[in-house]
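Notes to accompany the following structure.
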Amino acid sequence: MSTAGSRRSVGSKTKRAAAVTLAAAGLVTVAACGAGRGDTGGVTTGSAGTGSETPTVQTVLLAAAVHAAGEHTSGKSVNCRKVKCVALTFDDGPGEHTDELLNHLAKYNARATFYVVGQNVAASPDIVRRTAEAGHEIGSHSWSHRDLTTLSAADLRADLDRTEKAIEDATGVAPKTMRPPYGAFNETVRKTSPLPVVLWSVDTEDWRYRDSARVVRKAKSVSPGGIVLFHDIHPTTVNAIPQVLESLSKRGYHFVTVSQLFGGKPPKVVYSGAPEAATAL
Ligand code: NI
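Residues in the sequence shown are numbered consecutively from 1, following the UniProt record's numbering.
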């Protein structure tokens, strides 16, 4: 178990290093194009090896690009009333594919929200801590994924408190939003939950159809202010994310957490942060 884990970790690091090298090579190619020397301007794998031989220039260029992207894409300065934002959300983890997902998100400097199951957090606190440290929001998805509408107010409160504590123990930060399992909530849930209830505007149905191309297609249907529902426990979902990020980036979307989508103050029940939806909640 630990051997497999460390092997995966090393693999991820290698992939990340390769991606950084490719990105650096791409920047250098673009610079060469600007000077009239390049031909296609595209990133080619062939240049990745030689690109790493002049780290000084590349490192500076890459650092500048990452810094600019950070401020532009998901920094605290993002105002979702003025720019196109989307909140990608991942339920039911953490799971064995969460690490890979974090790598995908990092490449686009994207922030996301993870609605984690309390008992999974207690079993794997490290990955939840790393997720939070990477700038993502950790939300509550209850302790054991029961239908919360079947619980008494007292049992519900105990379930949510226990989940909140597990998240706080793992990350040092209490969750700011919650998503009820199955999206099922009633008046008792709404009144008892100390946290805003966050639903979604786009359901990728990734749990039903384990088909990456379909997940990408569904996610691309989002409109500004949307909240997209995924489940990072499925490899077909995690494999779809690079294409989702690439496609929505090209359309000018900023990837923010649910709390960021609402400027830090989500209303009591939310389906999206779209301006037209805000008045209806
Ligand atoms: Ni769920």
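Beta carbons: idealized from backbone N, C-alpha and C, even for Gly. Since the structure is predicted, the reported quantities are computational estimates derived from the model, not experimental observations.
DSSP places I127 in the helix class (H, G or I) of the three-state scheme. Shown here, G139 sits in a strand according to DSSP, grouped into three states. Per DSSP, reduced to three states, the secondary structure at A87 is strand.
Selection I233, K107, S272 evaluated against V197 yields S272 as nearest (Cα-Cα).
The beta carbon of T188 sits closer than 6 Å to the beta carbons of A153 from its chain, once the five residues preceding and following it are set aside; these are given in chain order.
The beta-carbon separation of V121 and I167, rounded to 6 Å, stays under the 8 Å limit for a contact. Taking a C-beta distance under 8 Å as the contact criterion, S259 and T177 qualify as a contact pair. The three-state secondary structure of D203, taken from DSSP, is strand. For R130, the closest C-alpha among the options A158, D206, T171, H104 is that of T171. The Cβ-Cβ distance between T257 and E137 falls below 8 Å. Between I241 and A132, the alpha-carbon positions lie close to 19 Å from each other.
Bridge partners of Y115 according to DSSP: D91, G139. Between the C-alpha atoms of P94 and V83 there is a straight-line separation of about 30 Å. In terms of side-chain proximity, the C-beta atom of D206 is found no nearer than 7 Å to any non-hydrogen atom of the ligand NI. With distances taken between CA atoms, W200 lies nearest to K218 out of K218, T149, L148. When rounded, the separation of the alpha-carbon atoms in S77 and I227 is 20 Å.
Distances from the alpha-carbon of T149 to those of H141, P180, D169 put P180 closest. Counting only runs of at least 4 residues, the region 189-273 fully encloses the following alpha helix (DSSP H) elements, listed from N- to C-terminal order: 212-219, 235-250, 258-261.
When the five nearest sequence neighbours on each side are left out, no beta carbon in the same chain lies closer than 6 Å to the beta carbon of S223. Its chain contains V117, P181 as the residues whose beta carbon lies nearer than 6 Å to that of H145, once the 5 sequence neighbours on both sides are disregarded; these appear in chain order. Note on geometry: alpha-carbon atoms of A134 and N186 lie some 33 Å from one another. Burial check for V173: the Cβ neighbour count within 10 Å stays below 16, so the residue is exposed. Closest option to F90, judged by alpha-carbon separation, among R162, L160, K191, V202: V202. Annotation: the continuous alpha helix (DSSP H) that includes E168 extends over 153-171. Per DSSP, the unbroken alpha helix (DSSP H) holding A106 starts and ends at 98-107.
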